[in-house]
Amino acid sequence: MTLEELKSFFLGYCRKENGTPDKQLFGLEYENFVMVPNNDDGEECFHPLPVEGESGVFRVLENLVELTKNSDDPLETVYEKDMLLALISPAGSKITVEPGGQIELSDAPRKSLLDAYNSLQDYLKLLEKAVSDFKGKLLFQGVQPIHSLDKLPFFPKNRYRIMFQHMLKTGTLGQWMMKGSSGVQVSIDYASLEDLQRKFIFLNRLSPFLTAMFANSPLNAGSPCGFLSYRSHIWENTDNSRCGLPEIFLRDNFRLEDYINWSLKAAPYHLMREGEVVETTDWNFKQLLEGKHPDLIITPEDWEDHLGMLFPDIRIKNILEVRVVDSVPPKYTMAIPALIGTLLYNESAFSSAQSLLMDLPQDEFQLYKKAVAKDALQAEVNQTNFAKTGRKLAEIALQELGSKDENWFLPFFEEFTKEGRSPANETLDQFRECGEDPDKWLAKVLNNPDY
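Just so you know, the sequence shown maps onto residues 0 to 450 in numbering that gives the first Met the number 0.
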């Protein structure tokens, strides 16, 4: 495959040569933990959802199928050999299991924030029912707040087995990323090559501010961990060859070829041949293209699979994926696509925010990432005050949202961004109100969901 052939994968998804996309859609991916009461300790003590058993992951998936079998959008099963792996719906949504038993909804693209909200609410009500027969509860935090890594389950998907062992070679917290983190992803359309490139630069520069605004992982091992977004810190210590925010992605002269060249330097975890997994961690994709693997001839499908095994802060596939936001309680979730969608799809908002973001020195962004992981909107790096800049970005979005859609973001802004706070501050307040007793705090959060 040539560089042009690799590039053509992305160009095939351009809506038209110039201008805005014909369909400015929202894609939402939403992860959460499921916690189960300890039989021996009463309902005030919980443990993570196991994989097997009557109160396990497979039971949840089976319950979801049963609950939707007579609906207009019945969930269908997906298997890896004999193992139930995921669920898909005719409408285009997918429910998958992350390595630590986190449940993820990859929702079908939606035309409006209202459509996305209704879909998310329907899903959460369905998931609540699916875990109710064993008194399971949904937890919305960016990191498992209490339990240690060895106490978290492991979902035995072939890809996860390869990744989990490989993480020991690439960073100190990669296994925590897999088993103990949970996030919200928002996907945005691009219309043309030019549109892709300008939005990609913009989103990479916006990303530390998104981490700061929506930080929600201040607890680990049952106590405050010194980070407001510990999830962000985890990602920074996972695998520098495929994660993070390379400086070249921030440059105003960034081109798609830069992303392709960066991608070629990372190794795919595995490729599929005749339904079997072939581990490929010893060869980066460029080496595979050059025929360095003794048995593999690389195909366009391999390139597409490889792109899904890269985890930069902003990922390019058939859409642009924003990957830097912690899992937050459902009542705050729609603020995320409301902010991102307005800044990206409204040309006036885009232009105003772009002027603000492009003035920031690109060599400071690695400092920004470390600072916001620790202090969220209270972070300051040289001349950049995150509370002040975050508030400006939010106000730009609110100005363009209008009365019809402002309520998707305005309550969150008033409670958090305007005050220089994030959901992590609320989590810490609740933790202190419970006398810093982790079990008491967890029980209170789980038994009082606010959707």
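For each residue, glycine too, the CB sits at the ideal point set by N, CA and C.
Which residues in the same chain have their Cβ closer than 6 Å to the Cβ of F310, if we skip the five residues on either side of it in sequence?
-> Here residue 310 refers to the residue found at position 311 of the sequence shown. Residues of the same chain with a CB within less than 6 Å of the CB of F310, apart from the 5 flanking positions on each side, are R241 and C242 in chain order.
In whole angstroms, what is the alpha-carbon distance linking T460 and T426?
-> Look at the range of the chain in this structure, 0 to 450, and you will see that residue 460 is not part of it.
Looking at C-beta atoms only, is the number of pairs between the stretch 54-70 and the stretch 127-139 that lie closer than 8 Å three or more?
-> Per the Cβ contact rule, the stretch 54-70 is in contact with the stretch 127-139 (3 or more Cβ pairs under 8 Å).
Is it true that the CB of H232 sits closer than 8 Å to the CB of A370?
-> Taking the first residue of the sequence shown as 1, we reach residue 370 at position 371. Taking the first residue of the sequence shown as 1, we reach residue 232 at position 233. Cβ distance not < 8 Å, so A370 and H232 don't count as in contact.
Should T1 go down as buried or exposed, given a rule of 16 or more other Cβ atoms within 10 Å for buried?
-> The residue labelled residue 1 in the question sits at position 2 within the sequence shown. Around the CB of T1, fewer than 16 other CB atoms lie within 10 Å, so the residue is classed as exposed.
C-alpha gap between T171 and Q398, whole angstroms | The residue given as residue 171 occupies position 172 in the sequence shown. The residue given as residue 398 occupies position 399 in the sequence shown. Their Cα atoms are separated by approximately 42 Å.
Where V277 falls, given that 16 or more other Cβ within 10 Å makes a residue buried = The count along the sequence shown starts at 1 and reaches residue 277 at position 278. Taking every protein chain shown into account, the CB of V277 has fewer than 16 other CB atoms within 10 angstroms, so this residue is exposed.
From what residue to what residue does the beta strand (DSSP E) around V184 run?
-> What you label residue 184 is simply residue 185 of the sequence shown in a count that begins at 1. Position check: residue 184 holds Gln in this sequence, whereas Val was assumed. Looking at the DSSP string, the run of the beta strand (DSSP E) that includes Q184 is G182 to I187.
Can you grab the Cα-Cα spacing for the pair P20 / N345, in whole Å?
-> The count along the sequence shown starts at 1 and reaches residue 20 at position 21. The count along the sequence shown starts at 1 and reaches residue 345 at position 346. No answer about P20 holds up, because its pLDDT of 49 lies below 50 and its placement is not dependable.
Can you list the beta strand (DSSP E) stretches of 3 or more residues lying completely in the stretch 2-68, in chain order?
-> With a minimum length of 3 residues, the continuous beta strand (DSSP E) runs that stay inside the stretch 2-68 are 25-37 and 41-47.
With burial defined as no fewer than 16 other Cβ atoms inside 10 Å of the residue's Cβ, what is the status of Y258: buried or exposed?
-> Stepping through the sequence shown from its first residue, residue 258 is reached at position 259. Classification for Y258: buried.
Might you give, ordered along the chain, the residues of its own chain that have their beta carbon closer than 7 Å to the beta carbon of A348, omitting 5 neighbours on each side?
-> Translated into the one-based positions of the sequence shown, residue 348 becomes position 349. Cβ within range, chain order: T341, L342, I395, A396 and E399.
Distance CB(E363)-CB(V380) smaller than 8 Å = In the sequence shown, the residue the question calls residue 363 occupies position 364. In the sequence shown, the residue the question calls residue 380 occupies position 381. Cβ distance < 8 Å, so E363 and V380 count as in contact.
Where does the unbroken beta strand (DSSP E) through A85 begin, and where does it stop?
-> Here residue 85 refers to the residue found at position 86 when the sequence shown is read from its first residue. Residues M82 to I87.
Do E320 and Q184 have their C-beta atoms within less than 8 Å of each other?
-> Here residue 320 refers to the residue found at position 321 when the sequence shown is read from its first residue. Here residue 184 refers to the residue found at position 185 when the sequence shown is read from its first residue. Against a cut-off of 8 Å, the Cβ pair of Q184 and E320 comes out as a contact.
Residue from K124, I339 and L195 with nearest C-alpha to F208 | As a position in the sequence shown, residue 208 is number 209, starting the count at 1. Per the Cα distances, I339.
In angstroms with no decimal places, state the Cα-to-Cα distance between F253 and Q196.
-> Position 254 of the sequence shown holds residue 253. Position 197 of the sequence shown holds residue 196. Straight-line spacing of the CA atoms in F253 and Q196 works out to 7 Å.
In chain order, which beta strand (DSSP E) runs of at least 3 residues are fully inside the stretch 263-322?
-> Segments of the beta strand (DSSP E) lying fully in the stretch 263-322: 269-272, 275-278 and 313-315.
Excluding five sequence neighbours on each side, which residues of the same chain lie with their C-beta closer than 7 Å to the C-beta of D374?
-> On the sequence shown, residue 374 is found 375 positions in, with the first residue counted as 1. Only L227 meet the Cβ criterion.
Counterpart residues of R461 in DSSP-defined beta bridges = No answer is possible for residue 461: the residues shown for the chain start at 0 and end at 450.
Just checking my contact of I200 with D251 at CB under 8 Å: how many whole Å lie between their CB atoms?
-> Along the sequence shown, one-based indexing puts residue 200 at 201. Along the sequence shown, one-based indexing puts residue 251 at 252. Taking 8 Å as the upper bound for CB-CB distance, I200 and D251 are in contact here, some 7 Å apart.
Residue interval of the alpha helix (DSSP H) (run including E235) | On the sequence shown, position 236 is the one that residue 235 refers to. According to the DSSP assignment, E235 belongs to the alpha helix (DSSP H) that extends over Y229 to E235.
For N69, count neighbouring Cβ atoms within 10 angstroms of its own Cβ and tell me buried if that reaches 16, exposed if not.
-> Residue numbering aside, residue 69 sits at position 70 when the sequence shown is read from its first letter. Residue burial annotation: N69 is exposed, with fewer than 16 other C-beta atoms found within 10 angstroms of its C-beta.
Should Y450 be labelled buried (16 or more other beta-carbon atoms within 10 Å of its own) or exposed?
-> Numbered from 1 along the sequence shown, position 451 holds the residue referred to as residue 450. It counts as exposed.
Roughly how many whole angstroms lie between the Cα atoms of N446 and D149?
-> Here residue 446 is taken as the residue at index 447 of the sequence shown, counted from 1. Here residue 149 is taken as the residue at index 150 of the sequence shown, counted from 1. Using only the alpha carbons, I get a separation of about 25 Å.
Decide if E4 is buried, meaning its Cβ has at least 16 other Cβ atoms within 10 Å, or exposed.
-> The residue labelled residue 4 in the question sits at position 5 within the sequence shown. E4 should be labelled exposed.
Bounding residues of the alpha helix (DSSP H) (the contiguous stretch that carries T388) = Position 389 of the sequence shown, counting from 1, holds the residue named residue 388. For T388, the uninterrupted alpha helix (DSSP H) run begins and ends at F385 to D404, by DSSP.
Who are the Cβ neighbours of H519 in its own chain at under 7 Å, not counting the five residues just before and after it?
-> What is shown of the chain runs 0 to 450, which leaves residue 519 out entirely.
Answer with buried or exposed for M177, where buried requires no fewer than 16 other C-beta atoms within 10 angstroms of its C-beta.
-> Residue mapping note: residue 177 aligns to position 178 of the sequence shown, counting from 1. It is buried - the Cβ of M177 has at least 16 other Cβ atoms within 10 Å.
Return the chain-ordered list of same chain residues with a C-beta closer than 6 Å to the C-beta of N17, the five sequence neighbours on each side being excluded.
-> Here residue 17 refers to the residue found at position 18 of the sequence shown. Residue placement at N17 is flagged as unreliable, the pLDDT there being 47, under the threshold of 50; the coordinate-derived value follows with that caveat. S191.
Taking the alpha-carbon positions, what's the Y122 to G290 distance?
-> Along the sequence shown, one-based indexing puts residue 122 at 123. Along the sequence shown, one-based indexing puts residue 290 at 291. Cα-Cα distance, rounded: 45 Å.
Bridge-paired residues (DSSP) for I102 | Reading the sequence shown from its first residue, position 103 is the one you call residue 102. Answer is N31 and V96.
Can you pull the DSSP bridge partners for D325?
-> Position 326 of the sequence shown holds residue 325. Answer is G182, bridged to D325.
Mind checking R431: buried by the 16 CB within 10 Å criterion, or exposed?
-> In the sequence shown, counting from the first residue as 1, residue 431 sits at position 432. Flag for R431 reads exposed.
Please work out which residues of its chain come closer than 8 Å, Cβ to Cβ, to L167, disregarding the five sequence neighbours upstream and downstream, and give them in chain order.
-> On the sequence shown, residue 167 is found 168 positions in, with the first residue counted as 1. G173 and Q174.
Counting pairs of Cβ atoms below 8 Å between the stretch 100-117 and the stretch 20-30, do you hit three or more?
-> Yes, since at least three Cβ pairs between the stretch 100-117 and the stretch 20-30 fall closer than 8 Å, the two stretches touch.
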